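Accompanying notes for the structure given below.
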Amino acid sequence: MTELKPQRREFRNINAFKDLTTYRLPPAGWVSILHRASGGLMFVLLPLMVWMFDTSLSSEISFDVFTSAFSAGLGFVPGWFFKLLVLAIIWAYLHHLIAGVRHLYMDVRHAVSKQFGKSSAIVTLVLSLGLTVVLGAKLFGLY
Numbered sequence: 006m007t008e009l010k011p012q013r014r015e016f017r018n019i020n021a022f023k024d025l026t027t028y029r030l031p032p033a034g035w036v037s038i039l040h041r042a043s044g045g046l047m048f049v050l051l052p053l054m055v056w057m058f059d060t061s062l063s064s065e066i067s068f069d070v071f072t073s074a075f076s077a078g079l080g081f082v083p084g085w086f087f088k089l090l091v092l093a094i095i096w097a098y099l100h101h102l103i104a105g106v107r108h109l110y111m112d113v114r115h116a117v118s119k120q121f122g123k124s125s126a127i128v129t130l131v132l133s134l135g136l137t138v139v140l141g142a143k144l145f146g147l148y
């Protein structure tokens, strides 16, 4: 007698030109990609962060230059652009921190399941975006 084996699923490679537009990335995939992007963004904007830190602490005059950069701009760069850059830094820091804590928790607790990955990824996205909106509203003077 021959034994019937269950049919194995067939996996195929995706075509970058046809399939990427219809492929739905799971939330954990988005968090992973954004974790890398936020780390890269913080690295690229590190000179701005160092300038802001140095200018805000050097003297009262340099602090006035620092605060006027956000309202009137600095040189040819308008003030709203500085605020957008700082908002990008805020998002990058918050997302990178929360996603890093998520990864540490999963490593320590060995909580690697599909359901936990999805729920923790959604919590990571909601927390990082929510906190960014709150701090961005403060940055743009909404409260």
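Heads up, the sequence shown is in the working numbering, so the first residue is 6 and it goes up one at a time.
We put the CB at the ideal spot given by N, CA and C, even for glycine.
Keep in mind the model is a prediction, meaning the values are calculated, not measured.
Ranked by Cα distance from S61, the options G105, F75, L132 are led by F75. Selection W85, V49, V36 evaluated against S124 yields V36 as nearest (Cα-Cα). In the three-state reduction of the DSSP assignment, V82 falls in the strand class, which pools E and B.
By the Cβ-count criterion, R17 is exposed, with fewer than 16 other Cβ atoms from all chains shown falling within 10 Å of its own Cβ. Bounds of the alpha helix (DSSP H) holding R41 are 32 to 49.
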